[in-house]
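Chemist: Below: one structure in structure tokens.
There are 2 protein chains.
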Amino acid sequence: MTTIGLVLYPRFTALDIVGPFQTLVDVPGFDVFFIADEVGPVEDHTGRLTMSATKKFDEIDELDVVVVPGGMADSSIGDDDPVVQFVRRIHATTIWTTSVCTGSIFLAHAGILDGLEATTHWASYDRLRELGAIPTEKRVVQTGKIMTAAGVSAGIDMGLVLVAELVGEETAKAIQLAIEYDPQPPFDAGSPSKVSPEILETLVKIFNL
Amino acid sequence: MTTIGLVLYPRFTALDIVGPFQTLVDVPGFDVFFIADEVGPVEDHTGRLTMSATKKFDEIDELDVVVVPGGMADSSIGDDDPVVQFVRRIHATTIWTTSVCTGSIFLAHAGILDGLEATTHWASYDRLRELGAIPTEKRVVQTGKIMTAAGVSAGIDMGLVLVAELVGEETAKAIQLAIEYDPQPPFDAGSPSKVSPEILETLVKIFNL
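For the record, the sequence lines run as chains A and B.
So for the first sequence, the working numbering puts the first residue at 507; every next one is plus one.
So for the second sequence, the working numbering puts the first residue at 507; every next one is plus one.
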């Protein structure tokens, strides 16, 4: 079995981790589970969604794949954060160490992105750079055995890339078909270069940035 | 406040409901919460993910929006299913009654899709037809105050359409930017018409169809 640990922590963003989850969980031979500092429910960044971890970091000695989601906790974390410490330790055992959105901030704090190309949510490029990585405006960035994805919804694209890398393109395509991932956004507003200043202002207001 | 109830039930598919959740939850003025037959944790169709409902159907007298996700339970449900009964009752109060993937099977059982165009997961068109609806191969179908989305990942597209309908395009675009929904699937295999017979066979094997 390929062991895949999906990380939860207080104030994670749900779609960051459920995107990869849905692309990985049904693949034959994959053992996918949610992990956190403690077993039990973990609240997302909105306080409206709770998902449960079934294993805690302490009881995990090795993982084939680790996925770290983004969230609203990353601005306050330090090098002693439980997720940072776990990533630093488990990275030595993985086939792939991965992140979605600001999950890469945890990887950077763990010291595994020093001088490497990586991506994150578009609003966090500067922060990633300050932590020693080279922010790259791509949907999915592969550097050695590290894979980082752009903001939130990019985890679906990354999940399919992971399936293709670990099993093969045919399985990845079958999963894409199963989740009917034939995206048709009603607008073309998914990156800062595509929107007017008014949309950016609306976003700043909504999220109190 | 616009009240938005996201339905959970045993064997739901996680991305079906987390997609809409992530597009709706941060919108100012929206009160988004998870609801189920009972308050507490609900297991998804893989048994690997647990999310919690904070309100039960019985305590909800009205909703502005209800979202019913798909899952693996729909083939065994009858007209006395708790979700079907809830949809039948709450539909009288909604601005929008919506579904993702095979969530529309519950709507059909509730009798609110009779003779109407609707969509579902591509593998469930026949079933939707048997239940009296007119299956339509579109990503998001609006018929009066009913909105149905195609399989699994289509809930993200539907969520943005809902925000545009309820608040306006500017807010919908800001949310799309916030979740960096600028999809770049590594393959073009998201609908049956786009894949070879081998991919369909792989899918059938993976899901024991």
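Each residue gets a CB set at the ideal place from its N, CA and C atoms; glycine is no exception.
(1) Closer than 6 Å by C-beta to residue 562 of chain B: which residues in its own chain qualify, once you throw out the five before and the five after it? Chain order, please.
(2) With the cut-off set at 8 Å, would you say residue 539 of chain B and residue 560 of chain B are in Cβ contact?
(3) Which one of A/612, A/558, A/577 and A/568 has the shortest CA to CA distance from residue 584 of chain A?
(4) Quick one, which residues of the stretch 607 to 618 of chain B are near chain A if we go by CB-CB under 7 Å, in chain order?
(5) Take the Cβ of residue 676 of chain B as the centre, count every other Cβ of all protein chains shown within 10 Å, and call the residue buried at 16 or more, exposed below.
(6) So what does DSSP say about residue 650 of chain B, is it helix, strand or coil?
(7) Can you give me the start and stop residues for the alpha helix (DSSP H) that residue 527 of chain B sits inside?
(8) Using a Cβ cut-off of 8 Å (strictly closer), state whether residue 697 of chain A contacts chain B.
(9) Measuring CA to CA, which of B/627, B/654 and B/569 is closest to residue 619 of chain B?
(10) Return the bridge partner residues of residue 602 of chain B from the DSSP annotation.
(11) Between A/523, A/641 and A/630, which lies nearest to residue 621 of chain A when the distance is taken from Cα to Cα?
(12) Among all the DSSP beta bridges, which residues are the ones paired with residue 512 of chain A?
(13) Is the beta carbon of residue 521 of chain A sitting closer than 8 Å to the one on residue 658 of chain A?
(14) Determine the direct distance from the alpha carbon of residue 623 of chain B to that of residue 649 of chain B, and round the result to whole angstroms.
(15) Let me see if you follow: with CB-CB separation under 8 Å, is residue 548 of chain B close to chain A or not?
(16) Using a Cβ-Cβ cut-off of 7 Å (strictly less than) and excluding sequence neighbours within five positions of residue 687 of chain A, which residues of its own chain qualify?
(17) Just how far apart, CA to CA, sit residue 614 of chain B and residue 603 of chain B?
(18) If I follow the unbroken alpha helix (DSSP H) through residue 661 of chain B, where does it start and stop?
(19) Does the stretch 590 to 599 of chain B touch the stretch 514 to 528 of chain B, meaning 3 or more C-beta pairs lie closer than 8 Å?
(20) Does the Cβ-Cβ distance between residue 610 of chain A and residue 600 of chain A come in under 8 Å?
(21) Relative to the C-alpha of residue 656 of chain B, which candidate in B/679, B/587 and B/575 has its C-alpha closest?
(22) The stretch 519 to 535 of chain A: which residues have C-beta closer than 8 Å to a C-beta of chain B, in chain order?
(23) Just to confirm before moving on: does the CB-CB distance between residue 608 of chain A and residue 582 of chain A stay below 8 Å?
(24) Run through chain A and tell me which residues come within less than 8 Å of residue 712 of chain B, C-beta to C-beta.
(25) Measuring straight from C-alpha to C-alpha, what distance separates residue 635 of chain B and residue 680 of chain A?
(26) Quick check: is the beta carbon of residue 627 of chain A nearer than 8 Å to any beta carbon in chain B?
(27) Give me the chain A residues within the contact set of residue 540 of chain B, using Cβ-Cβ distance strictly less than 9 Å, ordered along the chain.
Modeler: From the atom records:
(1) 544 and 545
(2) yes
(3) A/612
(4) none
(5) buried
(6) coil
(7) 520 to 530
(8) yes
(9) B/654
(10) B/571
(11) A/641
(12) A/540 and A/573
(13) yes
(14) 7 Å
(15) no
(16) 662
(17) 12 Å
(18) 660 to 672
(19) no
(20) no
(21) B/575
(22) 519, 520, 521, 524, 525, 527, 528, 531, 532, 533 and 534
(23) no
(24) 532, 533, 534, 677, 680, 681 and 684
(25) 25 Å
(26) yes
(27) 554, 555 and 556
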